[in-house]
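Numbering (mature numbering (1 follows the signal peptide of the UniProt record, and there is no 0)), first residue to last: -23 to -1, 1 to 501. Cβ coordinates follow ideal geometry from the N, Cα and C atoms, glycine included. Keep in mind it's a predicted model, so treat the numbers as computed, not measured.
Structure, rendered in structure tokens:
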């Protein structure tokens, strides 16, 4: 989409931020800027950077002045790192690249010095530090726009802490810019912080769908709260099913509605056009514009890494042929392993589900040779093609906004949480919530649902959207003595279990070495 509110990224001097302020970023080499040489604080530019860091990798783009050094700039992207760490170790995605760290993610066999794990940890703390700086500089401002901006900055900080909780567990809780080594917080303490923050900012956030597109509103806080509560038992040991359902229902009853056409959510005009209503569903879009947000993460990564030049036009000259589908994902749509070797349109017809956006021509269902992209069906979910037929802004870089949080999540959260709260007994509210999504997808509806059916539904609705690992952990299907395996899980083609320790990623070795307050997660 055309970036109207996101200006060109602020000059480094305007940040006035020492990004070496805690051990969380001290070994990151993030081009530290000394506060003693501060330029005048520009509130709107720093606020812009808070959002831009979700969709860009640095100050120039596509490469040359990255926010996070020590890792390839394109790989350092927020979306790309979260996607890799939440998809590649699961039953959905497999990458055939031999790049450093990729096979370990495919197998579930990483260590504490893994470059992408380290990169995500530092990316999240970079964003947290940026938010802390903004909040310190705007403390005490009471004009309406400052109040709204501060609430949104606190939301983005909470979002980053959510991923730190989910992926790393016990990590430092840093809420101010400081040179002191921070103390390590328990996962439950971080949970309480994020919950408290989201509840506190709710009154200051704008009503659903009344904010500028690309900025969050009250529904984003509700959706993140519902996600936090849905995983509360994993994070704290205490289930919060009723709270998860309550906040999910707030989103369902809000001004956000499901897009009428599923595939439009992942197209270049998903910010809205004469035929594309995806923006009525997308609660947090990460804005992308092929002319002004050039980087090798974001939606370009989602599109290019899943496509090869033998596939129908997908709106960019980039086709990296990396990420393909594990057969267990295809089984969600074709449970008898009879997925046909056909194109996307025919695949949707065969699956009787509009969400089966896969390409099977000259592909094998089984991944026998890990080095070949054509081993495994291709996911054709994302494209840089507009639903209205107009041209995109660039032939290489993409306009497709990343639909990072969307209202459909609330429907499945509500269904799962309600079912669990009711001793796994299905009910009309559970049925109706799931059937709303299945009806949108032109899929057969059911009269009742079980937990195992809901786990499969999470995959059908959100395949390749960067969340699968968390769902599998919540259902006890990831690390440990799980009864569920998939191809190449544990490093064998048939699949085998890996340690429950892998339900958390390790705290990076560099951070442990520089901060004696930190204790490593078990097993690393």
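(Q) Less than 8 Å between the C-beta atoms of residue 438 and residue 332, yes or no? (A) Result yes, Cβ atoms of residue 438 and residue 332 sit closer than 8 Å.
I'd like to check one pair, residue 301 with residue 352: are the Cβ atoms closer than 8 Å? Yes.
Taking just the CA atoms, how far does residue 196 sit from residue 360? When rounded, the distance between both Cα atoms is 27 Å.
* Quick one, are the C-beta atoms of residue 459 and residue 447 less than 8 Å apart? -> Contact flag unset, no.
Residue 481 versus residue 454: straight-line alpha-carbon distance, rounded: C-alpha separation (whole angstroms): 14 Å.
**Request:** List the DSSP bridge partners of residue 382.
**Result:** For residue 382, which the question treats as bridged, DSSP gives the partners 261.
### Separation of residue 272 from residue 496, as counted between CA atoms
Computed Cα separation, rounded: 35 Å.
Distance, residue 62 Cα to residue 14 Cα: Per-residue confidence for residue 14 stands at a pLDDT of 43, beneath the threshold of 50, marking its modelled position as unreliable; no derived number is given.
message = Within a Cβ cutoff of 8 Å, which residues of the same chain sit near residue 464, ignoring the five residues on either side of it in sequence?
response = Closer than 8 Å at Cβ, skipping near neighbours: 71, 303, 304, 305, 343, 344, 470, 471, 472.
**Report entry** the segment 171 to 178 touching the segment 111 to 118, judged by at least three CB pairs closer than 8 Å
**Finding:** Touching, no.
Task: Cβ neighbours of residue 498 in the same chain (closer than 8 Å, five flanking residues each side left out) - done: So the list reads 145, 146, 147, 478, 481, 482, 483, 484, once near-sequence residues are dropped.
Going by DSSP, what residue range makes up the alpha helix (DSSP H) through residue 487? It spans 486 to 491 - the alpha helix (DSSP H) in which residue 487 sits, taken as one unbroken run.
query: Among 55, 123, 92, which residue has its Cα nearest to the Cα of residue 21?
result: Among 55, 123, 92, the Cα nearest to that of residue 21 is on 123.
Legend entry - Given residue 356 as reference, the closest of 456, 280, 260, 194 once Cα atoms are compared: For residue 356, the closest C-alpha among the options 456, 280, 260, 194 is that of 280.
Whole beta strand (DSSP E) elements within the segment 333 to 406, 3-residue minimum: For the segment 333 to 406, whole beta strand (DSSP E) runs of length 3 or above, ordered along the chain, are 379 to 383.
8 Å Cβ cutoff met for residue 370 and residue 376 = With respect to residue 376, residue 370 sits close: the two C-beta atoms are nearer than 8 Å.
> Excluding the five sequence neighbours on either side, which residues of its own chain have a C-beta within less than 7 Å of the C-beta of residue -3, listed in chain order?
Replying inline: Caution is warranted here: a pLDDT of 32 is assigned to residue -3, below 50, making its placement in the model unreliable, and no coordinate value can be reported.
**Study point:** Sequence-distant residues of the same chain with beta carbon closer than 6 Å to residue 59, five excluded per side
**Key:** 443, listed in sequence order.
Discussion item. Assuming contact is defined by CB atoms lying nearer than 8 Å, are residue 28 and residue 191 in contact in what I supplied?
Written reply: Taking 8 Å as the Cβ cut-off, residue 28 and residue 191 qualify as a contacting pair.
| Taking the alpha-carbon positions, what's the residue 393 to residue 286 distance? | When rounded, the distance between both Cα atoms is 39 Å.
| message | Measuring straight from C-alpha to C-alpha, what distance separates residue 250 and residue 201? | response | When rounded, the distance between both Cα atoms is 27 Å.
- Could you please give the first and the last residue of the uninterrupted alpha helix (DSSP H) stretch that includes residue 300? Where residue 300 is concerned, there is no enclosing alpha helix (DSSP H), although the beta strand (DSSP E) around it starts and stops at 300 to 302.
Kindly identify the DSSP beta-bridge partner or partners of residue 149.
Under DSSP, residue 149 takes part in a beta bridge, and its partners are 161.
Among the candidates 212, 234, 170, 167, whose CA atom is the shortest distance from the CA of residue 186? Ranked by Cα distance from residue 186, the first of 212, 234, 170, 167 is 234.
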